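Accompanying notes for the structure given below.
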Amino acid sequence: MDDIDAMFSNLLGEMDHLSQATTAQLHQYLLTESLNELEDHDLDALVADLGSNSTKQTSGGADNQTIAPAMTQESEPAAALPLPSNAAESSGDLQMSKPQTKAEKIKLALEKLKEAKVRKLIVKVLMSDGGSKTLMLDERQTVREVLDELFEKTHCDCSIDWSLCETNPELQIERGFEDHEHLVEPLSVWTRHSENKIFFVARPQKYVMFRDPQLFYMWKKKEQAGLSGINQQAKQLLLKGLGRRGPLPRLLPKPHCTGPSWTFLRVVSLLEGGPTSPFRAEPIGRVPWAKTRPPGARLRAPTPGLAPGWGPGPVCHGRPYQGRNAPDNIAPRIIRAHKPLHHSKVAVQGGEYQEHFGGSTVIVPDIEGTLYLKEDGRKVWKPRYFVLRASGIYYVPKGKTKSSTDLVCFVRFEKVNVYSTNSYKQKYKAPTNFCFVLKHPCIQKESHYIKFLCCEDEHTLLLWINSIRIAKYGSVLYKNYQVAVKASSLQTLHSGAPKGRSACLANPKVTLKTIHMSHRQTSSLLLLLDTQKSEMHHPPPVYPGELQPVWI
Amino acid sequence: MAAWDLSVTVEDLGPDAPPVTLSVASDLHVGGVILKLVEKTQIKRDWSDHALWWEQKQMWLLRTAWTLEKYGIHADARLHFMPQHKPVRLALPSGITLRLRACFSSPVFQTVMGICRMLISRPCLYNGMPAHFADSPEMEAIYKMLSVTQPPPAPEVIAKQYRPASVVDKAHIHGRWLDSSRCLMQQGIQENDRVWLRFKYYAFYDIDPKYDVVRLTQLYEQARWALLLEDIDCTEEEMMLFGALQYHINKVSQSEPQMLSTSAAMDDLESALQSLEVKMEGESSSASEMLENMTAPELNDYLKIFRPKRLTLKGYKQYWFKFQDTSICYFKSKEESIGEPIQQINLKGCEVAPDVNVAAQKFLIRLLIPAPEGMNEVYLRCENEQQYAQWMAACRLGSKGKTLADSSFQSEIQSIRSFLAMQKTSSGSHGNVPADESINTHSLVSPRYHKKYKPKQLTPRILDAYQNVAQLSLTDAVMRFLQIWQALPDFGLSYVVVRFKGSRKDEVLGIAPNRLIRIDLGVGDVVKTWRYNNMKQWNVNWDIQQVAIEFEGNVNIAFSCVTANCKIVHEFIGGYIFMSTRSREKSDTLNEELFHKLTGGHEAL
Chain A
669 MDDIDAMFSN LLGEMDHLSQ ATTAQLHQYL LTESLNELED HDLDALVADL GSNSTKQTSG
729 GADNQTIAPA MTQESEPAAA LPLPSNAAES SGDLQMSKPQ TKAEKIKLAL EKLKEAKVRK
789 LIVKVLMSDG GSKTLMLDER QTVREVLDEL FEKTHCDCSI DWSLCETNPE LQIERGFEDH
849 EHLVEPLSVW TRHSENKIFF VARPQKYVMF RDPQLFYMWK KKEQAGLSGI NQQAKQLLLK
909 GLGRRGPLPR LLPKPHCTGP SWTFLRVVSL LEGGPTSPFR AEPIGRVPWA KTRPPGARLR
969 APTPGLAPGW GPGPVCHGRP YQGRNAPDNI APRIIRAHKP LHHSKVAVQG GEYQEHFGGS
1029 TVIVPDIEGT LYLKEDGRKV WKPRYFVLRA SGIYYVPKGK TKSSTDLVCF VRFEKVNVYS
1089 TNSYKQKYKA PTNFCFVLKH PCIQKESHYI KFLCCEDEHT LLLWINSIRI AKYGSVLYKN
1149 YQVAVKASSL QTLHSGAPKG RSACLANPKV TLKTIHMSHR QTSSLLLLLD TQKSEMHHPP
1209 PVYPGELQPV WI
Chain P
1095 MAAWDLSVTV EDLGPDAPPV TLSVASDLHV GGVILKLVEK TQIKRDWSDH ALWWEQKQMW
1155 LLRTAWTLEK YGIHADARLH FMPQHKPVRL ALPSGITLRL RACFSSPVFQ TVMGICRMLI
1215 SRPCLYNGMP AHFADSPEME AIYKMLSVTQ PPPAPEVIAK QYRPASVVDK AHIHGRWLDS
1275 SRCLMQQGIQ ENDRVWLRFK YYAFYDIDPK YDVVRLTQLY EQARWALLLE DIDCTEEEMM
1335 LFGALQYHIN KVSQSEPQML STSAAMDDLE SALQSLEVKM EGESSSASEM LENMTAPELN
1395 DYLKIFRPKR LTLKGYKQYW FKFQDTSICY FKSKEESIGE PIQQINLKGC EVAPDVNVAA
1455 QKFLIRLLIP APEGMNEVYL RCENEQQYAQ WMAACRLGSK GKTLADSSFQ SEIQSIRSFL
1515 AMQKTSSGSH GNVPADESIN THSLVSPRYH KKYKPKQLTP RILDAYQNVA QLSLTDAVMR
1575 FLQIWQALPD FGLSYVVVRF KGSRKDEVLG IAPNRLIRID LGVGDVVKTW RYNNMKQWNV
1635 NWDIQQVAIE FEGNVNIAFS CVTANCKIVH EFIGGYIFMS TRSREKSDTL NEELFHKLTG
1695 GHEAL
């Protein structure tokens, strides 16, 4: 028992030591290198984020003068909200005081281990107006959370189009991060001297597949005839078709006790025959029914005046017989106008379809067509016929058909992301500028492991890139979309409220976050910003800043 | 009223017994006829299920209050007195045949509903299975049979089965669906006939893995057979994944057959989480265990490494390898392993591919490691099976960003070893391998790939796909299988050969859950797509067997059916429309009347 105790205190001590070391390191860096280079507003933002980290930070690196004013500044919000800071202290006490039981110790150890592993990044996000915001990112933060944070900071319109987007100037590519991604992850693969940047921009393409599903699910039609007149209702129906197989697993069980709860009517017997049947050698008549039932026998109605039908008994309930006397000889005897169903479908939009299936399959648009492929390391772009499937992109080998069994797999989506490109006509002598790239997120430089594809026109490019996203992310994308829609509608509600109130709402959130952070010890990686340098390198106003990663 | 003789064949008297002759008047009601009949036969038994069947008119006389006159029965009528429920042999999607009593007098729709209610429904659960299954041990056995997936069939069985070679063949099969608005008796089904029970509509309403165990299992079986028999096409990569999933599902269902039902017993996520929490809180005694769990097992050994990309003529070089977190480091020797490694390779996000030949004792791990400059290829060579299984498992975990402390490490090792065993047996003695020990990989793929690959060649390909699914639970694996199946472009298509109005050649109409497609028989291409969303109405002319459909925007199509009665097409369209209304109502009861209205044809109106 004592051994374990000793082990624990050792472990805890070691971890404390470790985390202090990293904080100290962090500080040294922050102080000596970059903090004085940061602009004032950047500092403020940082400070707001770091929040109650202050106590530790000051103890760790109080000897520096540059940081001192900043720190006093930042302690203000924490003081203004006594409750959170108390909470921070008490949890700090908990760490100091000797844990009472072993269970507590274990918990603490687990927590510490977890915290020690949490990576943090400080990033500068560039705005479309040329400005920038500095954020402290936690490994566990999703893009969605970062977007929400940026919404608060920028007071933008919060539309669903806002996205974070990375650019790679070397490859001249860019990609909008998906809302569910953990932002730190893709950023941490950037190289030491990367010129990559993150932008906070509105990208209308982000959820184009949900806004204009007909573009993707009826793309063939578009080629045949203009598809301008599609109405909102039809779009929703298409979307449902998309969601139908993209359901979310249901968390709460349905009350199954209501009535006979079977649901299984779609099973219908098949006559003897079919695959295993000994009948298979026997040719099936053109109308197999005729064999078993001579039509004359039962296609006649039992009484004249009733419609000719199979079964006996009264047939037309109040519907006049129009059978063979009807002018066009098409007797509208079973008219089911769809109107009522049609309308009601609209009402179900969103939600219902998610319950069909516990999984996450989404119908992938059946995009196919000729694309130009830049083959590994070569300079020429060769046309090939490509087909998109849920399992990847395939191409039709020469002299073969489009049938599934002949297709050759070109790429699967598990390990690659899709990027749009910028002026590849010039860079790679592509046939058009409408190219896209598939690559492993780690690859940052030109390599023959990057797949280069080129489309005939802009619309085809839009179809391919976004259909690949549907194939890669499936129903997650739809969930992201729903969350985004919700967030944007919430924001429009809030925007009506007086400004003071919204500020109140914003503040606790920030401080709460900072309390969390006070326990987490930042470990390895820090991205720092160097605005002065960037302005020298990149004069155009679109790229006003540069992110320079620094590895500690 | 004048009395006349009515002769009735009573089934219970035996097949050779002469008909019983009754003296009746036209104003006698059917119930009276039955009463007379029963008195005359002098057999004491429960007649409550019996009813009269009118042979010429192919109809049951179920309205006992109706008079003979009202039914239009005269002395020439041939009537049969027999039970309404008769045994049929029901072939399930899994290939199992059940013998059960089905109703021969109600519409097939109701008959099927009755069967499904008994076999597949999900009423109140008792020990994870529908309550009525617990009534007797026999029923319990049946439940197990229905809810557990069948082992992969022998390759010979697959090869022997009928496979539709063309879309026309498929259309012929779809021409055989029974009419759901008429009874079995009316469709010429005899006692003890064999009928198939299949999912007809590919719009699966509200599947819940917790409650629909049988349904899910049977759906899986139907999907599996559709793939094995090339009823639905897929690409080679997809087939390998299906194969891997089948292998996994079989393996898991053998090791944990109660998995599906225990998951049903687990009330919900919350309680699962709670029990997890309890575990995490832990009692004091488990402290050391917890620590043990947190420290990763060590893995280090001498391995040989080769980098094919570097322009060296050197072959494999031996180093001391050490696995750390998600990376491998290597040192010159074990003795020097304290210092700086020669290199550290982070495996996170890398691709891991096996290159194994057990017979040749070749155990190679091919790593494709992403780097800013591209991918680096690294081969690791292991000495033996044991070493390979460990390092392969470690590399796979590493590529997923997991460390060796992850709980799946040991099971990963196990699954790799079992796959190696598979390769061993399939390359060695071929015919008589005990079924439970290993599976011939030909059992997992369709005959097309039997021709293309030997079992030995298939093993690494399936293994490759397997690594992505090896950690799935049984339910998840079945769900994944179904999802990939659903994602196939041809999913859910039922075919009918039709002749479009104004066209001179036969074409194929594909009926999917959300659309109709027109397929050119010559090329096999989809010529046109119509969605139900845009459908305004459809009409069927039963006399000339023609279906006419009107879509929004003045699009009208009309066709006559060649390989099926147009009632089948009508039922499919109506059925899918019905399905789309179901999700809206969101009730557990079925609007039977609406179904009949939509699918029944003019009889329903």
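The listed protein sequences derive, respectively, from chains A and P.
Residues 669 to 1220 (our numbering) make up the first sequence, in order.
Residues 1095 to 1699 (our numbering) make up the second sequence, in order.
Even for Gly, the Cβ is constructed at its ideal location relative to N, Cα and C.
Quick caveat: nothing in here was measured; it's all calculated off a predicted structure.
Under the Cβ criterion of 8 angstroms, Thr1135 (chain P) is not counted among the residues facing chain A. Scanning chain A for C-beta atoms nearer than 7 angstroms to the C-beta of Cys1328 (chain P) yields Ser1072, reported in chain order. Around the beta carbon of Val1450 (chain P), a 10 Å sphere encloses 16 or more other beta carbons of the protein chains shown; the residue is thus reported as buried. Arg812 (chain A) counts as buried, since no fewer than 16 other beta carbons sit within 10 angstroms of its beta carbon. Going by beta carbons, Ser1421 (chain P) and Ile1439 (chain P) fall inside the 8 angstroms limit.
By a beta-carbon distance limit of 8 angstroms, Ser1072 (chain A) contacts Thr1329 (chain P). Their separation comes to about 5 angstroms. Below the 8 angstroms Cβ cutoff, chain A contributes no neighbours of Pro1391 (chain P), its closest Cβ being approximately 17 angstroms away.
If only uninterrupted beta strand (DSSP E) runs of at least 3 residues are considered, those enclosed by the region 1425 to 1459 of chain P are 1437 to 1440, 1445 to 1451. Counting along the chain, Gly1208 (chain P) sits inside the alpha helix (DSSP H) bounded by residues 1202 to 1213. In the three-state reduction of the DSSP assignment, Lys874 (chain A) falls in the coil class, being assigned neither a helical nor a strand state. Here DSSP, grouped into helix, strand and coil, assigns Arg1270 (chain P) to coil. Our two residues, Phe1293 (chain P) and Gly844 (chain A), have alpha carbons roughly 41 angstroms apart in a direct line. Among the bridge pairs identified by DSSP, Asn1470 (chain P) is matched with P:Ile1463. Considering only beta carbons, the part of the region 1459 to 1476 of chain P lying closer than 9 angstroms to chain A consists of Leu1462, Ile1463, Pro1464, Ala1465, Pro1466, Glu1467, Gly1468, Met1469, in chain order. Annotation: Val1446 (chain P) to Ile1111 (chain A) spans about 17 angstroms, alpha carbon to alpha carbon. Among the bridge pairs identified by DSSP, Pro1051 (chain A) is matched with A:Tyr1040. Between Tyr1096 (chain A) and chain P, the shortest Cβ-Cβ separation is not below 8 angstroms. A straight-line Cα-Cα distance of about 27 angstroms links Cys1122 (chain A) and Leu855 (chain A).
The residue among P:Ala1320, P:Ile1611, P:Ile1578, P:Leu1323 with its C-alpha nearest the C-alpha of Val1591 (chain P) is P:Ile1611.
Judged by their CB atoms, Lys1095 (chain A) and Gln840 (chain A) are nearer to each other than the 8 angstroms cut-off. The Cβ-Cβ distance between Ala1559 (chain P) and Leu1321 (chain P) does not fall below 8 angstroms.
With a cut-off of 8 angstroms on Cβ pairs, the region 1564 to 1573 of chain P is not in contact with the region 1630 to 1639 of chain P, counting fewer than three such pairs. Gln1481 (chain P): member of the alpha helix (DSSP H) spanning 1479 to 1493, first to last residue.
Buried is the label assigned to Ala1155 (chain A), since at least 16 other Cβ atoms lie within 10 Å of its Cβ.
Taking a cut-off of 8 angstroms for Cβ pairs, the region 1152 to 1172 of chain P and the region 1239 to 1257 of chain P do not touch, as fewer than three such pairs fall below it. At least one CB atom of chain P sits nearer than 8 angstroms to the CB of Gly1060 (chain A). For Met1629 (chain P), DSSP records a beta bridge to P:Phe1645. From the beta-carbon of Cys1077 (chain A), the residues of chain P found nearer than 8 angstroms are Thr1329, Glu1330, Glu1331.
DSSP, reduced to helix, strand and coil, places Tyr1087 (chain A) within a strand of the structure shown. With its beta carbon at least 8 angstroms from every one in chain A, Pro1541 (chain P) lies outside the interface.
Within the region 1579 to 1600 of chain P, Gln1580, Ala1581, Pro1583 place their CB atoms closer than 7 angstroms to a CB of chain A, listed in sequence order.
Taking the Cα positions, Asp1143 (chain P) is about 16 angstroms away from Leu1278 (chain P).
Here Val1202 (chain P) is near Asp1273 (chain P), since their CB atoms are less than 8 angstroms apart.
A check of alpha carbon separations from Thr1161 (chain P) across P:Leu1129, P:Leu1131, P:Gly1125, P:Trp1154 identifies P:Gly1125 as the nearest. Residue environment analysis places Gly1669 (chain P) among the buried positions, since at least 16 neighbouring C-beta atoms fall within 10 angstroms of its C-beta.
In terms of Cα proximity to Met1469 (chain P), the closest of A:Lys1083, A:Lys1050, A:Met804, A:Val1076 is A:Lys1083.
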